[in-house]
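In the UniProt record's numbering, the protein residues as written are 1 to 963.
Here is the structure we will look at, set down as structure tokens.
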Amino acid sequence: MGSKYKDKDGGVVLSFGGQWVSWAHTAVAYTAFLSALIIGVALHYRKIVQNEFYGYPDEWFPSVSATIGDRYPERSFFMIFIAITSGPRFALVGLWYLLTRRPGSKLPGFVASMGLLRTLTCGGWTYITSTDDHDWHDILMISYIVATLPWTTGCIALSPANPTAIKYRKYLAGAFFGTLVPLIYFFIQHKVHRVAGAYTTYAFFEWALIILDVGFDAVTALDFSTFEVLVKDVKGTSKGENLSSVPSAVLEKEQDKVTAGVFSLRFTWIEALDTAADVYHGFVFWSMLTSLGLLVWFFPLWHMGISGYEAFVLVSISPVLLAGPLRPVIISNLRVIHVLSLAGVAAYLVIDPVYRLFTVGFGVALATLGWVGTLYAESMHETRFESKLLGLMVGLILSSTAKFAWQTNNPIWPIMHGANGGCNATGLVLGLFAALRFTRKAPLTSGSAPDGKLGGSALLAAFGVGGLFFGLHSLLSDTSTMILWVWEGFPIRGPYFSTHGWCTLAAMSLGLFAGISKPSLAGSWTHYAMGTAGAMLLTFFSHWTGYYGGLALAFYLMAVAVPLISTACKKSPATTFGLGFGIYIFLVLFHVWVVAYAFVPGGPLVREHTDWIMYVTMGLLGAGVFNYNASQPPKRQQQQKPRRSSPSQHRKYFAVSTLVVNVLFLCAAFRRFPTNDYKPYHGEDRVLTAGIWTIHFSLDNDMWSSEYRMRDLIKEMELDVVGLLESDLQRIIMGNRDTTQFLAEDLGMYVDYGPGPNKHTWGAALLSKFPIVESRHHLLPSPVGELAPAIHATLDVYGELVDVFVFHSGQEEDPEDRRLQSEYLARLMGSTPRPAVLLSYLVTKPLEGNYNTYVSATSGMHDVDRTDWDRWCEYILYKGLRRVGYARVSRSTITDTELQVGKFVVPRSAAEAAQLEARPADERDRRAQEHEVPAGWRFPAMFRGNGVRDHRYHVFDEPRYFN
């Protein structure tokens, strides 16, 4: 390792080639992990292969975390060597910066900072185990993974002119990120599905990530041979000299293939701020548009019929004002319009629901007008138009990400405020800055000039716009919507909302940039056929097959948005967007009518025809595609147009912003991953506390989202199992929400959403502290009125199987429906020999009519309290269990229906359950005083008297107990 400079630089005592930094880092890092693995297998093999569900021989290979975890001495060996690794690691990052720095380029500094961040966070998650501090371990692990992406792609982008090194980096990076897919899959198989042996397979992929991660950094040995540590650059590579025989243009092209040209952009704060403003302003538009239907829905919901406020759905046809002499006036004042549109975000300050709706309607009208005016005005300049269009579409991706992070509520919706998790004030301030930045450049045209002579039809363009915006809003404004379309209950046989939501977002992101880079392909009939096939799979199939169709449709909708909107902007915006949003409104109402057919004029004509909606949507998109192709110049002229050799600067900025949004989504997904740490409240007493609650679509009496208030009551009433009715919110008019996600994750419960949004019911859901072994969804006979949903679930309750039924009967106006439904459900409940509980909405008087079908020899069910005469809707029935308590709790202003709760003790065997059933009715119904029952059987005392937050025991003024 002697230096050839030693003679002339006589003061040099030691020198060595820079590649030895890489080799030292590689050797010590691998030694840290492999020494822990070898020692762990030798000393604690069965302990480190044991996980929360299985041990040897089902699981036979340890994961990385189990190997380097808390056990002595393997953890000590790992920590010693990983500490030694830090020296070569810091040196490696420093040498890489020295090798790649260039005058005027900020990228090498950024990549080096990511390398330092990875080094520090690696030390964090390896020295702070999940046992030490689970939250900080997760935070540091997420930070490490997030920093790995820019480090890896940045190293490829900055690779010196060394084809071998570039090739290895591409292979290793591709293998690393490709390994994440099966890694996540097998982790879900283990954590969610509890598949024996899945964790062992997961462990192999986890170890592969370690090998590939360290191996990627080992490639620097091929580049650091140009250094000799003194430190001197002995070959001049750090001065930018090309030592390769391969032309630099070829190498740059290879690098851009991997990085999509992102790292070749010339970074400036001005362009970065412009991009952020465009995206955030797009986010604000989608936030306001998706909130409008939710606010409108509040009024017919509480009036139980047409209220008149439904007319506010028409505000989005405001682009009709872009006609005639008004067009130049509007386009000349776009900044004012965009700023005033923020009234839709500021609406949370308006307490009265009526005026809040007025405010949001005003904001949506101006936002739609402003965005259409902007797109039309910028359409004459390709780059500026693309930037605004990308801002709008990436804004939709950001909106879906925010909803995922807030468990399907948007934090700046007007139904949110500080008390229920809203970030409205922050959103408003950022929105003001974004709107001012978004409009900082004057429009390129006053709009007074006649529209161009582009071929095609404004009418067909409007059809395409209407179908497009409806498809984006109804299916892609929340990543769990299509997942719940294909959901069929337990065991899980398809995607799950918290673990697979990113797949929807990834398809959206890829589709958007496919449309930007190849608009002619996105607007082709071949692509349309792919999108149509995906729509049909989503509509008619469940589980993974249906979801794969949904992903294809998500990709298609985002891609085809580019050619359809681009073409529409070349025509009169009053026609293409004014009429287009009119068609969108028609589809929104159609979307409501298919489920609300019992309450709206002409409803029976479209009853349960979501398939018709999909046909119409794809037909409208087909009209838009036809118009796009008709408006294109002849192929000969297209061939004469110059082709771009690489993506322009603005596309790269938006690609980076989309990547950042995706990373934020993945961070939220990591935090939301199911923990399976679900424990009943009184397990030592084998008590099952079950409740039924009609939650009225999670809007309280003052039009605020009610999840937090519901969560508090469910937790304080110590419910182990709860049935929720009127819980299907996955429609435009309900905000494409899912209350059960927040409740399940916050309360630590399993959840079955029940029949999905394409099943045309108002919803039935089940939350359980006990594992849901199996569940089936039923649509009960409803020849005239609304469909009656039911869930039949089998729970593992203290080692015994218990069936739980959640059911919402038809309305009072349809007695024949309710009779048929009572007979169906009685047979269904009677079909199980296991202990069972019914949590229901029956619409009958106690001891009369259909009540005697539900409580009968056919069903085998008993009323939780036959003496409670003051019931009409909610009932709890049971069999094969020891009923020990019953209570009714007032709702406060959360909903229009109280919470009813029953307490049951689960028998230890089928024989004990049979003995309970053999008891005579008078013995089974014998009342007891609270002091006569064990403490674990009692209801919480906090709701006695005046209770808390207007929740109190009422009707009886106290719970009832039974011997």
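Backbone N, C-alpha and C define an ideal beta-carbon position, used for all residues, glycine too.
Fair warning: this is a prediction, and the values are worked out from it, not measured in the lab.
Rounded to whole angstroms, L842 and W693 show a C-alpha spacing of 12 Å. Boundaries of the beta strand (DSSP E) around F904: 899-905. Between Y127 and S35, the alpha-carbon positions lie close to 16 Å from each other. Under the three-state reduction of DSSP, D278 is assigned to helix.
Rounded to whole angstroms, A788 and R949 show a C-alpha spacing of 32 Å. When the Cα atoms are used, L430 and L620 turn out to be separated by approximately 36 Å. Of the other Cβ atoms in all chains shown, fewer than 16 fall within 10 Å of the Cβ of I270; this residue is therefore exposed.
Contact check for R883 against V864 passes: the beta carbons are separated by less than 9 Å. Annotated as proximal: F285 and A367, with beta-carbon spacing under 9 Å. Within its own chain, the residues whose Cβ lies closer than 6 Å to the Cβ of T119, once the five positions on either side in sequence are excluded, are R89, listed in chain order. Rounded to whole angstroms, the separation of the alpha carbons of P57 and G197 is 9 Å. F227: member of the beta strand (DSSP E) spanning 227-229, first to last residue. Collapsing the DSSP output to three states places G691 in a strand. The shortest CA-to-CA distance from L334 to any of A377, Y72, K652, L899 is the one to A377.
Within the model, the alpha-carbon separation for P835 versus M734 is close to 36 Å. Nearest to A669 by C-alpha distance, out of E52, L107, V146, S316, is V146. Nearest C-alpha to K441 among I397, T499, N420, K388: K388. Per the Cβ contact rule, the segment 596-611 is not in contact with the segment 408-427 (fewer than 3 Cβ pairs under 8 Å).
Contact fails between the segment 330-348 and the segment 606-619, because fewer than three Cβ pairs, one in each stretch, are under 8 Å apart. Bridge pairing for S768: V721, Y750 [DSSP].
Buried is the label assigned to Q730, since at least 16 other Cβ atoms lie within 10 Å of its Cβ. Taking the C-beta atoms as reference points, Y202 is found nearer than 9 Å to H190.
Along the length of the UniProt domain "PGAP2IP first transmembrane" (283-436), whole beta strand (DSSP E) runs at least 3 residues long do not occur.
Shown here, V797 sits in a strand according to DSSP, grouped into three states. Per the DSSP secondary-structure output, I876 pairs in a beta bridge with L839.
Per DSSP, reduced to three states, the secondary structure at P789 is strand. Residue pairing from DSSP places R888 in a beta bridge opposite Q900. The beta carbon of L725 sits closer than 6 Å to those of T694, A764, H808, Y841, all from its chain and outside the five residues before and after it, given in chain order.
In the structure shown, F939 adopts coil according to DSSP, grouped into three states. Counting only residues of its own chain and dropping the five nearest sequence neighbours on each side, L589 has a CB closer than 8 Å to the CB of V313. Pairwise C-beta distances place the segment 273-293 out of contact with the segment 539-552, as fewer than three of them are shorter than 8 Å. The three-state reading of DSSP puts E823 in helix, counting H, G and I together.
For F586, the enclosing alpha helix (DSSP H) covers residues 580-593. Looking at S480, E816, G69, the one whose alpha-carbon comes closest to that of H500 is S480.
Here F53 carries a coil assignment [DSSP, helix/strand/coil]. From the listed residues W869, E812, E848, A552, the smallest Cα separation to M482 is found for A552.
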